[in-house]
Amino acid sequence: QDDLALSMQREEESLAFWRSLGDSGRRGAAYALHTLGMARYSAAYFSDNADVPPALESLEASLALMRAVADEWGIAFVAGWIARCRVAQGEATQTIMLDVLDNVAIHRRLGDVWGTGMAMGMLASLSLQAGDLSAAREYAEEAQSLRAQVGHRHSLAVGWDLLATIAERENNLNAAVAACREAIILLEGLGNRPYADEMRAKLAALMSKQAARNAEDLVRLANREGVPAGSQN
Numbered sequence: 150q151d152d153l154a155l156s157m158q159r160e161e162e163s164l165a166f167w168r169s170l171g172d173s174g175r176r177g178a179a180y181a182l183h184t185l186g187m188a189r190y191s192a193a194y195f196s197d198n199a200d201v202p203p204a205l206e207s208l209e210a211s212l213a214l215m216r217a218v219a220d221e222w223g224i225a226f227v228a229g230w231i232a233r234c235r236v237a238q239g240e241a242t243q244t245i246m247l248d249v250l251d252n253v254a255i256h257r258r259l260g261d262v263w264g265t266g267m268a269m270g271m272l273a274s275l276s277l278q279a280g281d282l283s284a285a286r287e288y289a290e291e292a293q294s295l296r297a298q299v300g301h302r303h304s305l306a307v308g309w310d311l312l313a314t315i316a317e318r319e320n321n322l323n324a325a326v327a328a329c330r331e332a333i334i335l336l337e338g339l340g341n342r343p344y345a346d347e348m349r350a351k352l353a354a355l356m357s358k359q360a361a362r363n364a365e366d367l368v369r370l371a372n373r374e375g376v377p378a379g380s381q382n
């Protein structure tokens, strides 16, 4: 939440412990590397330099270990985070989309509702990036439905954030504002202040845009009614 540096330090300590166990600690090391990669990605996301390579390095090392211990769920989940890093680095959307579709299939076969929701959310993000708003909304709504079944609040907040972005691109500002508010409620409950502040800024921008549009609508209405703009009763 607030202290990503401490989070990364703790994961590095965990990783050192699992590595000290040799082969018997490979699975633990794989998950420690995965969580370290998540923390490094989050640190890059909330910083100005967006330094993704350290996160990608941890995640790729995790993926190699997941494969070595034949952890199918771990392979799919880590691959999803690697996809996030690749998106952040500007790689081609279509190539990443095919990999994420494979991840969706694995999570569904394993009966993993939360993992499926995470992967569907990535498909929504990729579709949005490609400009396919219809597919983006379809994937995002399915992802949010799956997250709601699990009740993972941070994932739900991320989903509302994405739905707000999609709604704004669709010029549905009312829906975008409502989605932002849902995300803020969840993030405040979790104590995730950096992300909550980011969503408040997004909400303020949306409400400003909404107010400007309402003013334009009033001017058009006044013109139709023959009332000079800015006149009062």
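Counting from 1, position 184 in the sequence shown corresponds to residue 333 in our numbering; the numbering is continuous, with no gaps. For each residue, glycine too, the CB sits at the ideal point set by N, CA and C.
Under the rule that a run must span 4 or more residues, the alpha helix (DSSP H) segments found entirely inside the region 284 to 366 read 302 to 318 and 322 to 339. For methionine 157 against alanine 181, the beta-carbon gap comes to about 11 Å, at or over 8 Å, which does not count as contact. CA-CA distance, glutamate 331 to alanine 306, rounds to 7 Å. If you draw a straight line from the Cα of threonine 184 to the Cα of glutamate 160, it comes to about 7 Å. Between the region 212 to 224 and the region 238 to 245 there are fewer than three inter-stretch CB-CB distances shorter than 8 Å, so the stretches are not counted as touching. The count of Cβ pairs closer than 8 Å, one atom from the region 314 to 332 and one from the region 349 to 367, reaches three, so the stretches are in contact.
For arginine 286, the number of other beta carbons within 10 angstroms of its own is at least 16, and it is reported as buried.
Ranked by how close their Cα comes to the Cα of alanine 324, the residues Val299, Leu352 and Gly340 have Leu352 in first place.
Take the alpha-carbon of glycine 308 and the one of alanine 192: they are about 20 Å apart.
Between aspartate 310 and the set Asp346, Gly340, Ala232 and Val299, the nearest pair of CA atoms involves Asp346. In this model, leucine 153 and proline 202 are separated by some 17 Å (Cα to Cα). Exposed is the label assigned to tryptophan 222, since fewer than 16 other Cβ atoms lie within 10 Å of its Cβ. Around the CB of serine 211, 16 or more other CB atoms lie within 10 Å, so the residue is classed as buried. With fewer than 16 other CB atoms across the displayed protein chains lying within 10 angstroms of its CB, leucine 250 is exposed. Between the C-alpha atoms of arginine 342 and leucine 335 there is a straight-line separation of about 11 Å. When the Cα atoms are used, isoleucine 255 and alanine 232 turn out to be separated by approximately 15 Å. Comparing alpha carbon positions, the residue from Trp230, Ile245, Ala297 and Val262 closest to alanine 279 is Ile245. In the same chain as cysteine 234, and ignoring 5 residues on each side of it, the C-beta atoms closer than 7 Å to its own belong to Tyr190, Val201, Ala204, Leu205 and Leu208, in chain order.
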